[in-house]
Each structure stands twice: as C-alpha cells, then as structure tokens.
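Residue numbers (our numbering), protein chains in the order written: chain A, 133 to 345; chain B, 133 to 345; chain C, 133 to 345; chain D, 133 to 345.
Just so it is clear, CB atoms sit at the ideal spot from N, CA and C, and this is done for glycine as well.
Number of protein chains: 4
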Amino acid sequence: MAARPPGGAASADDDRAAHARAERRRQILEAAKEVFAEAGYHEASINAIIERAHIARGTFYLYFDGKAAVFDALLDEAMRELRARITRIDVEDPAAPPPHLQLRDGLVRVLDYVLGDRLLATILLSGTTATEAEAANRAGAFFGEVRSVIRTALEQGIQMKLVRPCNVEVTSAALLGLVRGVVEHLVTTASPPAATEVVAEMIAVALRGVLNA
Amino acid sequence: MAARPPGGAASADDDRAAHARAERRRQILEAAKEVFAEAGYHEASINAIIERAHIARGTFYLYFDGKAAVFDALLDEAMRELRARITRIDVEDPAAPPPHLQLRDGLVRVLDYVLGDRLLATILLSGTTATEAEAANRAGAFFGEVRSVIRTALEQGIQMKLVRPCNVEVTSAALLGLVRGVVEHLVTTASPPAATEVVAEMIAVALRGVLNA
Amino acid sequence: MAARPPGGAASADDDRAAHARAERRRQILEAAKEVFAEAGYHEASINAIIERAHIARGTFYLYFDGKAAVFDALLDEAMRELRARITRIDVEDPAAPPPHLQLRDGLVRVLDYVLGDRLLATILLSGTTATEAEAANRAGAFFGEVRSVIRTALEQGIQMKLVRPCNVEVTSAALLGLVRGVVEHLVTTASPPAATEVVAEMIAVALRGVLNA
Amino acid sequence: MAARPPGGAASADDDRAAHARAERRRQILEAAKEVFAEAGYHEASINAIIERAHIARGTFYLYFDGKAAVFDALLDEAMRELRARITRIDVEDPAAPPPHLQLRDGLVRVLDYVLGDRLLATILLSGTTATEAEAANRAGAFFGEVRSVIRTALEQGIQMKLVRPCNVEVTSAALLGLVRGVVEHLVTTASPPAATEVVAEMIAVALRGVLNA
DNA sequence: CATGAATGAGTCTTCATTCAT
DNA sequence: CATGAATGAAGACTCATTCAT
Chain A
133 MAARPPGGAA
143 SADDDRAAHA
153 RAERRRQILE
163 AAKEVFAEAG
173 YHEASINAII
183 ERAHIARGTF
193 YLYFDGKAAV
203 FDALLDEAMR
213 ELRARITRID
223 VEDPAAPPPH
233 LQLRDGLVRV
243 LDYVLGDRLL
253 ATILLSGTTA
263 TEAEAANRAG
273 AFFGEVRSVI
283 RTALEQGIQM
293 KLVRPCNVEV
303 TSAALLGLVR
313 GVVEHLVTTA
323 SPPAATEVVA
333 EMIAVALRGV
343 LNA
Chain B
133 MAARPPGGAA
143 SADDDRAAHA
153 RAERRRQILE
163 AAKEVFAEAG
173 YHEASINAII
183 ERAHIARGTF
193 YLYFDGKAAV
203 FDALLDEAMR
213 ELRARITRID
223 VEDPAAPPPH
233 LQLRDGLVRV
243 LDYVLGDRLL
253 ATILLSGTTA
263 TEAEAANRAG
273 AFFGEVRSVI
283 RTALEQGIQM
293 KLVRPCNVEV
303 TSAALLGLVR
313 GVVEHLVTTA
323 SPPAATEVVA
333 EMIAVALRGV
343 LNA
Chain C
133 MAARPPGGAA
143 SADDDRAAHA
153 RAERRRQILE
163 AAKEVFAEAG
173 YHEASINAII
183 ERAHIARGTF
193 YLYFDGKAAV
203 FDALLDEAMR
213 ELRARITRID
223 VEDPAAPPPH
233 LQLRDGLVRV
243 LDYVLGDRLL
253 ATILLSGTTA
263 TEAEAANRAG
273 AFFGEVRSVI
283 RTALEQGIQM
293 KLVRPCNVEV
303 TSAALLGLVR
313 GVVEHLVTTA
323 SPPAATEVVA
333 EMIAVALRGV
343 LNA
Chain D
133 MAARPPGGAA
143 SADDDRAAHA
153 RAERRRQILE
163 AAKEVFAEAG
173 YHEASINAII
183 ERAHIARGTF
193 YLYFDGKAAV
203 FDALLDEAMR
213 ELRARITRID
223 VEDPAAPPPH
233 LQLRDGLVRV
243 LDYVLGDRLL
253 ATILLSGTTA
263 TEAEAANRAG
273 AFFGEVRSVI
283 RTALEQGIQM
293 KLVRPCNVEV
303 TSAALLGLVR
313 GVVEHLVTTA
323 SPPAATEVVA
333 EMIAVALRGV
343 LNA
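Here it is, written out as structure tokens:
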C-alpha cells in the first residue's frame, strides 16, 4: 500500500498525481505531528489525526499502514534532518575552519532546525520513552549515534591536547544531556532567544564551565 | 478508596492491621515500579502489575484508585526522595562546608539514590513525556524545581563572582540536562562506575568545561 | 449501472462497442471466477478481482453493481449451463432412447461440463452455504430444482415398476447428495478419471447399490 | 486466557466456580451456534453472538479468543460427537453383530445426533466452505476421515465378496455425498421422519440401489 | 478484606462503494 | 468510458474499572 504506482516514463498526469499524493501525505504528517507533539504517541488517536487533517478514516490508511507508521515517518524525518546538520568535526583538512567554529556552526544549524520545527523536535525527544518498541529503539539508536559523535570528538580533542583527559563515557553522556536539556528548554519556551546566542552559551559552558576565570 | 480505616485511638490490632496494609501497598508499588520501568506508563497493564504482585484484580483497587494513582505514588516517592537529597547550597552560614563540597555531596547523594533504585529513576525520567497529563505536569514541575535550584545557585555564584556572568536561563537548562544525561547513562548502563567518580567528572565539566587548561 | 447504452438501431459502431463491452465483462467474470473459487465469497475482495482482471476499481462498477452481482452472474452462468445439460427423462416418446441411456448421457454431459470448468463448479457447490442471502437462496433453489427432477424420475420409475417403491423424499435427497459428492470429489482431485467411467460407477451404485449380486 | 485456574486440590468453591464458568461457556456456545447456523461464519458477528447470549462484549473474550475460536469449539464439538458415533465396521470379532447391522446402528446413532442438534450439523456441513482457513481444513479433514472409513469398509467388503468390485475412490465419494445429502435434507426439513426409517432407506439405496428386483 | 467475573467505552483496521477528473 | 483517490460504515478486540460473593 501507500506505494507510488510503478511505471518507467512519467507523464504530466503522473507528475500531477504524484504531486497531489505527496501533498496529501504531507497534510497527514503535519496533522499527526501536532497530535503526537501534544499528546504523545500513546494518547494520540487516529481519530485526532484524521480530524485535524480533515480526511476520512480510510484515507489515512491509504497513505500510512497505521499509527506506528506515521510516527515512524515523523521520527525518520526529524532524524534525517538532524543527521544532515550534525557533522563530525574535521581536524585533518587544513582548509577546514578551526574546530570550535565547526562546532559552533553545527550547533547553530541544529538549533535553527529545532526552533523551526519545535513539534518535530518534541516528538523526537519523546521518542525514546514509552512508545512502541521499534520507534523507541530507532530514536534510542539515533541518540546513541549522536553521543558517539561527541565521544569521538572528545577522544580526538584529548589526543590533540585540546581537551583535558577525562572519562569520555560519562562526559559524552553529560554533553549529550546538556544539548538535550537546552533543546528541551527552547522547545518549551514561548519566545526563545536566537540560536546563535544560545549556542554561544552552550559552548561556553561545555568548553570552559561556569566558573569565573 | 484506599483510605486508612478511621478511628481515634490506635489499638494494637489497628497497628497490626495498618502494618499489614502498608506492606500490601508496598508490594503493589514494587510490582508496579518494575512494570512501569520496563514497559512505560501506557504499555504497562494492570494485569501485569497484579500478576507480579500476586494479588487479585479487585485487591489492587482497594489500595489504589487506578493506574494513574499508582504511577503518581511512584513518582511522588521518587520526587520525595530526591528532594530530600537536593539541598540549596548554603553560602551564608560560615559553619557550612565550602560551596563546591556542598555541591559534590549533594550530587553524590542523588546519584547514590539513583543507582540504588534505577527502576524508580527510569520512571521519573520517563515521567515528563507521553504520560497522562497530571503526572507529566507533576514530573515537569519537579524538574522545574530542580532547575530553579540550579538557577538560584548560578545567580548567587555570579553575585559572589564565583561564577562568570551568563544567561542563567540557558545555562540552568544546560546543567539540568547535563545531570539528566548522566543519570540516564547510569540508569541504562549494566555496570556503572561509582557515584563519587561520576560526580567528579560531572563537576569538572560543569565548572571548568572540557578544554585543556 | 452496467446497463447497455440505449438506442434502437444498432450501427456498426454500436456493434463494435457492444462487443468490446462484452469482452470486458467476460474478462472481469473470469477473474472473479478464479478469485471466488480460491477464496470463497467473503474472503474474496474486489481488490483481488480487479488486480487479476487488470482493470481499475471504478471500471469494475461500470460492469457490475457490486460484489454480489458478479457472484450472482457466475452462479447464473453455472446454473444456466447445468440446466441445459439436465433433462427430464422422457419415458413417453417411443423414439427416445431407453431411460437408463438418457440418464447416462445426461450425467456425462453434466460431469463433462463440471470437469471443463472446475472453478465454476466449485463456486456453485459453495454457493449454498455461508454467502449473502440472495445467492444462497438462488443456489439452494437450483439444487431444489435438481432434486425435483430426481424425485419426478423416481416417481415415474416407481409407476413403471422400474424402481422399487421407496420414500422419494429421502431417496431423492440421497441421490442428489451422491451426485454432489462425486462432483466435489472430481473438482478437488488433481487428475480425475474420465466422465464416462465415473458416470458408470455412479449409475451402478445408484441403480444396483454396492452389494454383490 | 479462558483457562481453568490451576491448583491441585479442588475445593468446593473451586468446583462451584468451575461449574459457573462451564455454564457461561456453554451459554456463549449455544448463542454462537444459533448465529453461525443462521448466518454462516462470515456473516456472523460477535455483536450478534453476545446479544443473543445476553453478555457484554468483554465477557465473550473472557471465554474465547475470538470469533474463530468459538467456531472452532463448535466444530470440534460436532466432530467429537460424530466421531464417537462413527465406528469402523468390525468383521473379525465373531461376537460382533453382522456387518449390515453394525452399519445400520452406526447410521442411526449419527442421524439421531444430527436430528438432536440440527444447528450444529448445519455448521459442520458449512464448515468446509468459505470459512477461515484453519476451520475449513479441520472440517475438510473430518470428512476426509469419514470417507476413509467408507473406503476401508468397501475394500473389506470387496475382499469378503460382499461388495461387488468397484472404483472405491468414486464410490466412497458417492456414498459420503449420499449421507451428506440426506443429513442436509433432514437438517433443513421442518418435521423430518424418524432416524430409523431414514436409515432404512439410505441403506437400501446404498446396498441395493433404486432398481426394482 | 480479598476475589475475579463481568462490563463496555474506546481504538484500530478493513473494504465495498462512490465520484470528480 | 476509464480511472483511482476518497469515503465511512462496520466489525474485531483490549483493558481499566466495578461489584456481588
């Protein structure tokens, strides 16, 4: 189901149909995004989704296999977008910007996205707990990836004497938490500050801590 | 309605009965704790709880008003225990230990508790997302409190020139996230390191950041 | 509504159109026959039918009023064909072949048809049970007719002293069942014997029973 | 689910509970029997069953896993009862009654049962067609067994020269159909004749055919 | 107090049918 | 004529909660 009709040569009609289909899909995804962000996976009902999307029950199942499938699609979207914004810090290419700028730019990209789609971020943050097994695993795996990126950065930094020696397991967990904490704050704050300002604070804390001098 | 039988003077019989009652309650809470920690609020079923507690369905409702009520009780327990371990840093009493030791001791107490009851900590961490409204609010309020403690500490620190001037909103969110990140790591790690060691790392990151020198 | 376009004088164009239309109809009927025979009335889905017929959903409804209508058409086809092969035994016309030959030829015709279109026979056999009321009644009525033919033959036979006196109600039910049993056997057997051979066995049992001498 | 609570020593209370449970189960089975007999497997709805049984939806699922499970239970009941009444004809024990009496008594037992529970017989007859795969297979296997009994009897009879040589495949199919035809007739007839009379006719047809002399 | 059978509101999901293009 | 996206009625099933024993 929910599959594009096959066919090699795409006529103008096919294009139009595919476009309409994609729009419909988006419409459902947007409605589902709102519902999931407000109510969480379990409290969300297909009913609420189709009402908000102004479609009939059957239409929903024309585009998604079920509740889990829409949730997965949303999760995937969030993860895909974020993955594209999270890049490992390049310390070898001499043409690359200095590491702290790479870090800053990456975080700005991430927070910009988060601020631009707070509902989606909410869903991702909630994705690790209390949802159906598969989605939880997927979201868990995603944060595992992110932590892995952080861990690697720490290890490289230590080797280059930029970072002081530390327990990378604990520290990477701490830094991931730090970012998540800030994201959660931004997502739930009515009028959040600009991403660049927030990032400056985050980096200051992460790199130099809160102590004076 | 899960209410203690009324009566002014407590006889020996009453005591024994109350004791038996309290034990029963505990037995249910322990079962529920395991179930909620494993499955999350929604996936958890009354069935699973009463099976693990070896009681009949009706008995459950003699001790708790329903699923939400047990969850709340567990949440309350976790919050009560943690509140007792989280103390505002006293900077006025000259007899009090220096702030950084107060901080360290507080964190050790908290992490000791978390490591001693990982299930409960799991529940609390999951409590903010995707559960029924009331509990989510309660857990949310709790973390709000904690963040408030952190914010106050930061503000005091800034006034005392111990802490560099910063955006306390963002920074408190970051530090709360940092702690949560570490707790989540500990809770999901098979053989976690000792609390004191972890706390040392956390404090190092929080106070001085990860940069060398 | 599956109605032939109106019009008095049939032009060549009309003919061609009518022909195309009839072919389309046939194509759907063949697909439906396979699906109904494989899955039974209820398990059969419009989806399966239109997929096998390589037509669009809406097209199906241009030729038939719905699922029941195609099933009915198939049932009718089977019943029409069989009715044409089942003839009352003529005992009055002196030019007619002797009764037992008429019986034999009639059965051979029936079994030949059944063996030639096993799917259709399967549908007819399944038509009496567990389908929507109307079709069940129609199929039921058909078998009632057949039994009536048998009953009449028995009564005539008794009058002519060819058949021993018996309870014609029970005996006609028995003989109808006998035929249905054999048909079902043929329809579900991979490589069934030739019709003539089977008919010889059937007639032997029906006329003389299984006892020796 | 729907399982007797375990426990070695059965107290009077347990007995009473088990009895109540068994009665409830029966009540549901009876309601389901009527509904399935009237409407067939697919047209039958859980709704219709619970309405006729005067129970709530959930209660139904306390006793059966679903629609298929009740149907299976009914099918099993019918098959169990009939199997107990169908015995292979014993031609070796000299103390056994003569074969034709064994045959007669067996058929009388079967028809008595069928007449005593026409609804159940209806369900069994409908069980081969158009139901969910498993049940259809089970019913199909049952009739396969019965035919096997008939086939064996024919082969023994042929060896003993009681039965004339014949194609046992076709003939057993014919005789099974004969019995089914008569059963169907009895089941759908308002005031059917007594089993003994019907059996006499059936045996007459099967053994000697319908011809005079 | 303890029990567990009974309840029924709430959800998900399927699929025959319609209709605008 | 043909299409296939949209529809929504209908049905199966779950599970928190109640209450008579």
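Where residue i sits in the DSSP three-state scheme
| i | result |
| --- | --- |
| B:L343 | strand |
| C:S258 | helix |
| C:A346 | There is no way to answer for residue 346 of chain C, as the model of chain C reaches only from 133 to 345. |
| C:A326 | coil |
Contact check, residue i vs residue j, beta carbons under 8 Å
| i | j | result |
| --- | --- | --- |
| A:A164 | A:V202 | yes |
| A:A101 | A:L243 | The requested residue 101 of chain A is not part of the displayed model; chain A covers only 133 to 345. |
| A:V99 | B:T303 | Nothing can be reported for residue 99 of chain A, as the shown portion of chain A is limited to 133 through 345. |
| A:L308 | B:G313 | yes |
| B:A185 | B:I160 | yes |
| A:F196 | A:A188 | no |
| A:N344 | B:R296 | yes |
| B:T284 | B:R220 | yes |
| C:V300 | C:V246 | no |
| C:A176 | C:A267 | no |
| C:R340 | D:R340 | yes |
| A:H174 | B:H151 | no |
Inter-residue CB distance, residue i and residue j (contact presumed, cutoff 8 Å)
| i | j | result |
| --- | --- | --- |
| D:F274 | D:M211 | 5 Å |
| D:L310 | D:V337 | 7 Å |
| C:D222 | C:A228 | 4 Å |
| D:G172 | C:T191 | Wrong, their Cβ atoms sit about 30 Å apart, outside the cutoff. |
Close Cβ partners of residue i (< 7 Å) along its chain, the five nearest in sequence each way excluded
| i | result |
| --- | --- |
| D:E209 | L252 |
| D:P137 | For D:P137, the pLDDT reaches just 47, beneath the cut-off of 50, and the residue's location in the model is therefore unreliable, although a value from the coordinates is still provided. The answer is none, since no qualifying residue turns up. |
| D:I282 | S304, L307, L308 |
Sequence-distant residues of its chain with Cβ nearer than 8 Å to residue i (five each side left out)
| i | result |
| --- | --- |
| B:E316 | L257 |
| D:H232 | I335, L339 |
| C:R148 | none |
Contacts around residue i, its chain only, beta-carbon distance under 6 Å, and the 5 residues preceding and following it disregarded
| i | result |
| --- | --- |
| A:I255 | F168, A169, L206 |
| B:E162 | none |
| B:L239 | V331 |
| A:G289 | V295 |
| B:I182 | R189, F192 |
Handout entry: Contiguous alpha helix (DSSP H) assignments of at least 4 residues, all confined to the stretch 208 to 256 of chain B
Key = 231 to 248
Practice task
Go through the stretch 165 to 211 of chain B residue by residue and report every complete run of the alpha helix (DSSP H) that reaches 4 residues or more, in order.
Solution key: 178 to 185, 189 to 195
Exercise for the section: Could you tell me which uninterrupted alpha helix (DSSP H) segments, each at least 4 residues in length, are contained entirely in the stretch 260 to 320 of chain B, listed from first to last along the chain? Expected result: 265 to 291, 300 to 319
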